[in-house]
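Trainee:
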């Protein structure tokens with residue numbers, strides 16, 4: 002396997018060396034393997050670059066890397082397309098791990114920025130979980146030069162620069178505080194109102210009661226614990242007072258219990274559903290940072306806390322730092338919600354530590370940062 006990987010890296014670099022004979026263009030390329038479609042952050046960034054720098058073209062390459070052999074072959078051909086864009090672009094912006102960004106020998110003047118795909122960190126990743134069940138092996142990380150070649154890495158706030166530095170294996174000097182474009186939308190009353198109108202049009206019943214949005218984190222393992230936890234939560238909600246909206250990860254296959262008043266939504270994203278929420282329940286998901294920007298009360302349903310910490314671990318003292326009540330018991334959590342005695346000062350402290358709130362034009366800030374460094378290369 003090692004020999005095959007080294008051979009593949011050699012072949013990609015050989016092709017790349019030929020493509021680098023092509024002249025660079027006034028082009029910014031954004032690459033993601035999170036989805037086959039561009040995220041809201043990518044769309045906002047693309048549009049803002051086009052608005053502020055009309056002399057540049059923006060290419061967006063989105064292709065999810067999946068494990069099936071057929072899709073892996075498709076991704077190989079997508080990587081050949083990526084090679085061309087790396088060769089002719091002045092800057093490449095990533096929101097996730099990109100194999101070619103790390104293994105290729107790039108031009109010295111190519112700017113590569115990792116903006117990552119989440120506001121804040123929670124679960125350990127990358128170099129923080131090498132040789133652990135959900136992480137890569139140290140040998141593979143070295144072989145694939147995992148996360149190498151970034152000029153800068155963007156963070157939403159100063160509070161988690163050290164987390165990113167550890168996960169990406171970079172000095173903190175390479176981590177720059179610039180929140181993702183979606184933070185701009187979270188602050189926009191006009192955008193929030195438009196999303197709420199669409200949600201209430203699809204689900205008129207959500208206008209009549211307080212809405213609890215439950216967003217559990219994605220677990221790679223087939224987790225029967227989530228099914229049991231969801232049943233317990235659904236049975237603990239007083240549906241005469243609340244609506245419970247369940248937003249599981251798209252890759253999580255789980256059904257709601259029969260005869261429940263809960264709603265499992267598949268129309269809107271978790272991000273969008275936050276705008277209709279009166280309170281948010283999660284566990285180890287970075288959705289809590291977005292909820293905090295909106296000022297929504299956050300409750301933590303950590304039904305598998307010990308097991309999760311043993312298998313994955315997180316970057317902070319969970320029990321001390323979470324911005325709301327933590328419980329592994331659904332009944333206790335609903336009691337906390339019913340009490341309406343939420344500590345908003347703790348939520349604000351959490352937000353101020355982990356998300357920079359001093360700007361009103363986050364997308365423009367990123368574009369200005371990109372082009373300030375292009376001019377100096």
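Residue numbers (the numbering used here): 2 to 378.
By construction, the Cβ of each residue, glycine as well, lies at the ideal position given by its N, Cα and C atoms.
The structure displayed is predicted, hence computed values, not measured ones.
#1: Quick one: give me the first and last residue of the alpha helix (DSSP H) that residue 203 is part of.
#2: How would you write the range of the alpha helix (DSSP H) that residue 332 sits in, first residue to last?
#3: Which residue's Cα is closest to the Cα of residue 51: 325, 27, 334 and 140?
#4: Compare the beta carbon distance of residue 279 and residue 211 with 9 Å and say whether it is the shorter of the two.
#5: Whose CA, out of 184, 231, 165 and 91, lies closest to the CA of residue 177?
#6: What are the uninterrupted segments assigned as alpha helix (DSSP H) that are 4 or more residues long and contained completely in the stretch 225–289, given in chain order?
#7: What are the start and end residues of each continuous alpha helix (DSSP H) run of 4 or more residues lying completely inside the stretch 99–158, in chain order?
#8: Taking the alpha carbon of residue 103 as the point to measure from, which residue in 76, 60 and 147 has its own alpha carbon closest?
#9: For residue 213 versus residue 238, is the C-beta distance shorter than 9 Å?
#10: Quick one: any contact between the stretch 29–44 and the stretch 84–94, if contact means 3 or more CB pairs under 8 Å?
#11: Would you call the CB atoms of residue 299 and residue 187 closer than 9 Å?
#12: Contact defined as beta carbons within less than 8 Å: I believe residue 53 pairs with residue 82. What is the distance between those atoms, to the nearest angstrom?
#13: Quick check on residue 171: does DSSP put it in helix, strand or coil?
#14: For residue 170 and residue 23, what's the separation of their Cα atoms in angstroms?
#15: Is residue 19 buried or exposed, if buried means 16 or more other CB atoms sit within 10 Å of its CB?
#16: For residue 28, which beta-bridge partners are listed by DSSP?
#17: What is the DSSP secondary structure of residue 211, reduced to helix, strand or coil?
#18: Roughly how many angstroms separate the alpha carbons of residue 283 and residue 302, rounded to a whole number?
#19: Check the DSSP bridge columns for residue 300 and list the partner residues they point to.
#20: Taking 9 Å as the cut-off, decide whether the C-beta atoms of residue 154 and residue 115 are in contact.
#21: Would you mind giving the Cβ-Cβ distance between residue 184 and residue 215, rounded to the nearest angstrom? I have them listed as a contact below 8 Å.
#22: Assign residue 325 to one of two classes, buried (16 or more other C-beta atoms within 10 Å of its C-beta) or exposed (fewer than that).
#23: Using the rule of at least 16 other Cβ atoms within 10 Å of the residue's Cβ for burial, across every protein chain shown, is residue 274 buried or exposed?
#24: Flag this pair as yes or no: are the beta carbons of residue 13 and residue 84 separated by less than 9 Å?
#25: For residue 98, tell me which candidate among 225, 249, 72 and 65 has the shortest Cα-Cα distance.
#26: Have a look at 304, 78, 313 and 75 and flag the residue whose alpha-carbon is nearest the alpha-carbon of residue 232.
#27: Only counting the same chain, and skipping five residues up and downstream in sequence, which positions put a Cβ closer than 6 Å to that of residue 281?
#28: In the DSSP assignment, what are the bridge partners of residue 327?
#29: So which of 234, 308 and 349 has the shortest CA-CA distance to residue 335?
#30: How would you call residue 77, buried or exposed, if buried means at least 16 neighbouring beta carbons within 10 angstroms?
#31: Do residue 175 and residue 151 have their CB atoms nearer than 9 Å?
#32: Please go through the same chain and pick out, in chain order, the residues whose beta-carbon is closer than 7 Å to the beta-carbon of residue 132, but skip the five residues on each side of it.
#33: Using the Cα positions of residue 2 and residue 33, report the straight-line distance between them to the nearest angstrom.
#34: Figure out for me which residue from 290, 313, 315 and 161 has the closest Cα to the Cα of residue 348.
#35: Candidates 189, 331, 160 and 8: which alpha carbon is nearest residue 353's?
#36: Assuming residue 217 and residue 286 are in contact, meaning their beta carbons sit under 8 Å apart, how far apart are those beta carbons, in whole angstroms?
Mentor: Reading from the atomic positions:
#1: Segment 190–203, the alpha helix (DSSP H) holding residue 203.
#2: From DSSP, the alpha helix (DSSP H) with residue 332 extends over 331–340.
#3: Cα-wise, what sits closest to residue 51 is 27.
#4: Closer than 9 Å, so yes.
#5: That would be 165, whose Cα lies nearest to the Cα of residue 177.
#6: As summarised for the stretch 225–289, the continuous alpha helix (DSSP H) elements at least 4 residues long and confined to that stretch are 225–237 and 271–274, given in chain order.
#7: List check, alpha helix (DSSP H) in window: 100–104 and 139–144.
#8: Among 76, 60 and 147, the Cα nearest to that of residue 103 belongs to 147.
#9: One thing to note: residue 213 has its Cβ within 9 Å of the Cβ of residue 238.
#10: Touching, per the Cβ criterion.
#11: Not closer than 9 Å, so no.
#12: With 8 Å as the limit, residue 53 and residue 82 do not qualify as a contact, their Cβ atoms being about 26 Å apart.
#13: In the three-state DSSP reduction, residue 171 falls in the coil class, being neither helix nor strand.
#14: Each residue's Cα considered, the two are about 32 Å apart.
#15: Classification for residue 19: exposed.
#16: Answer is 58, bridged to residue 28.
#17: Three-state DSSP puts residue 211 in a strand.
#18: Taking C-alpha positions only, residue 283 is separated from residue 302 by approximately 6 Å.
#19: Residue pairing of residue 300 in beta bridges, as defined by DSSP: 282.
#20: Pairing residue 154 with residue 115 gives a Cβ-Cβ distance under 9 Å.
#21: About 23 Å separates the two Cβ atoms, so there is no contact after all.
#22: Per the 10 Å Cβ criterion, buried.
#23: It is buried - the Cβ of residue 274 has at least 16 other Cβ atoms within 10 Å.
#24: In contact: residue 13 and residue 84 (Cβ atoms closer than 9 Å).
#25: Closest by alpha carbon: 65.
#26: Per the Cα distances, 304.
#27: Within its own chain, the residues whose Cβ lies closer than 6 Å to the Cβ of residue 281, once the five positions on either side in sequence are excluded, are 214, 292, 297 and 299, listed in chain order.
#28: When DSSP reads this structure, residue 327 sits in a beta bridge with 301.
#29: The residue with the shortest Cα to Cα distance from residue 335 is 234.
#30: Burial call: exposed.
#31: Contact flag set, yes.
#32: Result list for residue 132: 138 and 139, in chain order.
#33: Residue 2 and residue 33 have their alpha carbons spaced roughly 26 Å apart.
#34: Closest in C-alpha terms to residue 348, from the list 290, 313, 315 and 161, comes 290.
#35: Considering only alpha carbons, the answer is 160.
#36: Between residue 217 and residue 286 the beta-carbon gap is near 7 Å, inside 8 Å, which marks them as a contact.
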